[in-house]
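Residue numbers (the working numbering), protein chains in the order written: chain A, 901 to 1083; chain B, 12 to 633; chain C, 7 to 299.
Here the structure is laid out as structure tokens; the discussion comes afterwards.
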Amino acid sequence: MRETAETPKLFAPAEGIAGIVDRYGGDRDMLIPMMQDIQADFGYLPREMLKELSESLCVPFSRIYSIATFYASFRLEPPGEHRITLCMGTVCFLKGADRISRAIQREFSVGPGGTSPDGKFTFCPVNCLGACALAPVMVVDGEYHGGLTVDLAVNLLRKIADAGKPTEATRNGKKKERGSKKK
Amino acid sequence: MSTVATGLKTANDLEQYRRHLLGERDPRAHRVRVCVGTGCTAKGAKGVLELFNRTAEEAANDGVIVETKCTGCHGFCERGPIVVVDPGNIFYHGVKREDVPEIWRESLTGGRIVERLLYKDETTGQVAKTPDEIPFYKAQHRIVLAYNGVIDPTKIEEYVAVGGYAALAKVLTSMEPKEVIDEITNSGLRGRGGGGFLTGRKWRSARDAQSEPRYVIANGDEGDPGAFMDRSLMEGAPHSVIEGMIIGAYAIDSSQGFVYVRNEYPLAVQHLSTAIAQARELGLLGYDILGSGFDFDIRINRGSGAFVCGESTALMASLEGRVGEPRAKYIHTVESGLHEKPSLLNNVETWANVPQIILKGADWFASLGTEKSKGTKVFSLVGKVKNTGLVEVPMGMTLRQIIYDIGGGIRDDKAFKAVQTGGPSGGCIPARYLDEQVDFDRLTELGSMMGSGGMIVMDEDTCIVNFAKYFVGFLKDESCGKCTPCREGIAQMLHILEGIAKGEGKDGDIERLEQLGTLMEDTALCALGKTAANPVLSTIRYFRAEYEEHIREKRCPAKECPGLFNYEINRDVCTGCGLCAKKCPVEAITGERKKPHAIDQQKCTNCGTCFDACPFSAVVKV
Amino acid sequence: MPTVTIDEKPYRADVGETILEVAQRNGIWIPTLCHHQALEPYAACRICVVEIDRGGWWQVVTSCNYPIRRALTVRVNSERAIRARRGVMELLLARCPESPQLRRLANRMGVEGTPYPHIAAAQENCILCNLCVRVCSERIGASAISMVGRGGDRTVATPFRMSSEDCIGCGACAAVCPVGTIDLIFHEDEVEISPFETRVTLRRCAECGRPVGSELVNEVLASRGGPTLVEMLAGDAYCLRCKRKKLAERLTAAVPGNGSGRAAQERSLPGGTNVQTGLHAGNPRSIRVGEAG
């Protein structure tokens, strides 16, 4: 079982666009799954690939671009080394996700949906991971980290940036509730 | 483990297979069930399961047989990872890898109980051995969540063994499609995804629609932030949803179904894919199901990150490989939906209710709940409540029972302020309605709605303006942008709310918000736009004074809106460690070492860094 | 044949017609922006909303796409319908304060100004009615542009906001734009579709040199096998004004006894040959006419 919040790779990388189109029998209804597969293979949607897909399916290029920019999970730029998915759902918000978001943006000079200048992180705030009991929750490279505070989140990411791998100690941090501090 | 059967040819084959599976079971077997739902997994359940597996393998060499299995979400995610030991149904929570040897030695092989891992009630101090003794579970009535935490969702045998697909067999062998529709109609089941439309009536319209082919669709695009019952259901009991869909397809004469699942739910996608493949292999999907001559198959489509795709017409546009833009429903989707063909779309929770209704009867289902809202509803009880998790209760339970009896009340014993139900399309309900019954119609009367069943609890520290602003901001990001009122109206609303939250609110802002709300309700194209103002309108309705305080006195009573309150250092608590002064970006904090520090209010920008930094909670909001 | 009652007067209607069609046929004015009779209704701008009787309650619906299936009672000029339309117009004015076309429509609707500030950041003078996108795909078949992004960030653009290979420079998008946001800019030998940064080779009148459209339009129409651009748009290699002048000359020449008419008459014989010499000489991109000749 996987534990990723990203588009799961349901298939092995196909031989180019033809393979992906064949996988769905060339069914134009499956345009979005095909694009998901391209992103799973390449990490983003390269322009040439979309162009090829357009020609192969006889679907206007403009329509494919429209879809690529409408759905939030599609990326048109190559992603960074690590992918941060920060939940901005209601519960996470109530428990301070927006402060964590601001801190990450400040700390790593990265905007929502963007990649940090050093190419280390791609930062994707999403609307709800449905893991509300863990709020505030963040997924880094497929691994869930719950009960975060600003410091825990930033420190975790710094460690990842330095070493490349999150350590066991930084997982499931927190115990201290933000609420208990307030008067 | 039993061998998986393939190609069941008749309903009798299915029954035989079930008996065979049950026959293989040893009721006295020692078994450990580890929850591998998203919540428990995030807290390390995989490691726990792996260790149990390894231990079991080693023990098997010595002739000790212990069955380990993974299950779907128990709903009490707060306390994960959850491990249950049989016989005895002993419920351990917060289990770590280090605890595995002790559970193995004491509980699984020793027959004793590991007291320290049992649930202990905070207030009464009472220890609970089984889930039924825990207040969180005691008041619940689990129908759709019945299999969560009990069976392994990745094994169809387990579902069949507990009576799965028996409803399908019953329908195919002894019921006419019309009878199936009547049964669902008589049960009073209403759509669990939002509007609460009568499911049976919807099925009938789909059946009566003139054109062909007809499609059956399960909406698993659970987009409401704070709601995760559909995720848990798809992860924990995917076959219930599939069985419901096959029955629905039989009732309306459809041969193709679709499940539309959120992309953020990878485990749900995986479990559903596995389940569909297994059902096909067993002959429960495909041609000539159980020899009935009825053909049906299901395809999974993953969403791609668009809340609006939870709206039926947008979802269908997405299934057609297009941008998820809603269209007018002047001709309903049961007549003209996917590819302009009759399309029956129900929420996954609605589908999961269907097999139970068929098996136990419409009267049984109708006996649960209130006059017009039958059965149970799963709520995701989250926010500032002690026990966070999934709660399935009969319709008509009061908000107080759900929030206090099951949820254990408010965290840190703060005061309850409001509960938001129905997600971004719903509204806030204040404390004076805590004793209201929760059902479709009552929630609507209160200016909120049932929606998919999100229940977000707010305490006294939650600013109502900030909360409304959150939802409007969410909807601004999620509006498809097609129609003017939604696209422009939400942006204008957010602009006004941001002004109020910054202390730049003006007289007339509240009225302007109300006007925009009415305009959007009247003129927006789809339900997202029509209800987008609900969080604002309902909070104005119940918390007008708080809005006015922000606007007139430039004060945020909950102390959440930056700039509308100040940070100060409590001299009695401050140890003079200097951490706040070091972290302050504008050097507004001064003080001698080991002596209480102070904040220069002229310099302070209210960024809150000191508040986050202080290890002694000496920085306070005033 | 159902009867549609609009503001208390009965009108005959066909099943499948829209409220707007019935109203327009009977001279009842309902403002529209994203509607065009040559295109499928889209119902995005919401400026055409009216009230209908749902038996006990009145529902606000868009008249442009509400299909008539049985007898229906409609209020176009009720207080609620007018308030709704004006509210939508106010939101649009806040988005596009610059457009004279939009202000004219607002005036006609009795909307003086807007109480809302101008906060839209993306594509300021576009009301996102989608007419240009739809005409390009539904009618022209080029699909060079589409809606890009969503919500408040939505804009109309070419793929990757680069000059489109699919654009034929026909200018239909500019022609249908209700707020005058899309422009055709004529350069020396190219026509540019203004917000989309797409340039296509320009055809000029063989006589006076005025622009008559893009080369690609000719090619595309020809390749479809239907009436060619030659027949549809440009007629000859001439602009409309020169064409009229030529026609006048021809008619004059056709009057018996006028000796100067003969040459002109020969030149305008029906068939493709005249076109070939006049229009396509030196144009390697022409397909159909070239083959025919």
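No residue lacks a Cβ here, since even glycine has one placed at the ideal position from N, Cα and C.
Everything numeric in this text was worked out from a predicted model, so none of it was measured.
Looking at the DSSP output, serine 251(B) shares a beta bridge with no other residue.
Within the same chain, and ignoring the five residues on either side of serine 956(A) in sequence, the residues whose Cβ sits closer than 6 Å to its Cβ are Ile917 and Val921. Between arginine 140(C) and glutamate 499(B), the gap from beta carbon to beta carbon reaches 8 Å or more. As DSSP reads the structure, tryptophan 64(C) sits in a beta bridge with Asp59(C). Residue contact check for asparagine 312(B) against chain A: a CB pair falls below 8 Å. Segment contact: the stretch 79-91 of chain C against the stretch 10-17 of chain C, three or more CB-CB distances shorter than 8 Å; contact assigned. Interface criterion not met: the Cβ of leucine 1048(A) is under 8 Å from no Cβ in chain B. Among the residues of chain A, those whose CB is under 7 Å from the CB of serine 329(B) are Ile932, following chain order. Aspartate 470(B) counts as buried, since no fewer than 16 other beta carbons sit within 10 angstroms of its beta carbon.
Neighbours of proline 165(C) across chain A, judged by C-beta separation under 7 Å: Phe961, Ser962 and Tyr965.
Contact between the stretch 393-401 of chain B and the stretch 283-290 of chain B is absent, with fewer than three C-beta pairs closer than 8 Å.
Judged by pairs of C-beta atoms under 8 Å, the stretch 347-366 of chain B touches the stretch 215-226 of chain B, as three or more such pairs exist.
In the three-state reduction of the DSSP assignment, tyrosine 28(B) falls in the helix class, which pools H, G and I. In the structure shown, methionine 469(B) falls within a strand segment according to DSSP collapsed to helix, strand and coil. Remark: C-beta atoms of glutamate 194(B) and alanine 373(B) approach each other more closely than 8 Å. Short of 7 Å from the beta carbon of cysteine 245(C), and not among the five residues preceding or following it, lie these beta carbons of its own chain, in chain order: Cys211, Cys214, Arg216 and Val218. Within the stretch 926-956 of chain A, the residues whose Cβ lies closer than 9 Å to any Cβ of chain C are, in chain order, Arg947, Leu950, Lys951 and Ser954.
For the alpha helix (DSSP H) assignment, the uninterrupted runs of no fewer than 4 residues enclosed by the stretch 103-184 of chain C are, from N- to C-terminal side, 106-114, 137-140 and 178-182.
A residue is called buried when at least 16 other Cβ atoms come within 10 angstroms of its Cβ; lysine 149(B) does not meet this threshold and is exposed. The beta carbon of phenylalanine 307(B) sits closer than 6 Å to those of Ile257, Ala260 and Ser266, all from its chain and outside the five residues before and after it, given in chain order.
Beta-bridge partners assigned by DSSP to aspartate 97(B): Arg42(B). Across the structure, asparagine 72(B) and arginine 108(B) are spaced so that their CA atoms are roughly 22 Å apart.
When only Cα atoms are considered, arginine 212(B) and arginine 201(B) end up about 9 Å apart.
Annotation: the stretch 579-603 of chain B contains the following complete segments of the alpha helix (DSSP H) (minimum length 4 residues), in chain order: 590-594.
Separation of the CB atoms of serine 459(B) and serine 391(B) is rounded to 15 Å, and the pair is thereby denied contact status at 8 Å. Residue pairing of histidine 982(A) in beta bridges, as defined by DSSP: Phe1021(A). In the DSSP annotation of this structure, the continuous segment of the alpha helix (DSSP H) that includes threonine 52(B) starts and ends at 49-53. A check of alpha carbon separations from serine 216(B) across Lys513(B), Gly465(B), Gly348(B) and Asp416(B) identifies Gly348(B) as the nearest. Within 10 angstroms of the beta-carbon of lysine 614(B) lie fewer than 16 other beta-carbons, which makes it exposed.
Residue burial annotation: proline 1017(A) is exposed, with fewer than 16 other C-beta atoms found within 10 angstroms of its C-beta.
In the structure shown, serine 391(B) adopts extended strand secondary structure according to DSSP, grouped into three states. Non-local C-beta neighbours of isoleucine 475(B) in its own chain, meaning closer than 6 Å and more than five positions away in sequence, comprise Thr550, Phe554 and Glu557, ordered along the chain. In this structure, the alpha-carbon of threonine 204(C) lies about 24 Å from that of glutamate 104(C). Taking a 10 Å sphere around the C-beta of valine 111(B), we find 16 or more other C-beta atoms and assign the residue as buried. About 17 Å separates the CB atoms of glycine 157(C) and aspartate 232(B); that is not less than 8 Å, and the two are not in contact. Not a single C-beta of chain C is nearer than 8 Å to the C-beta of aspartate 235(B).
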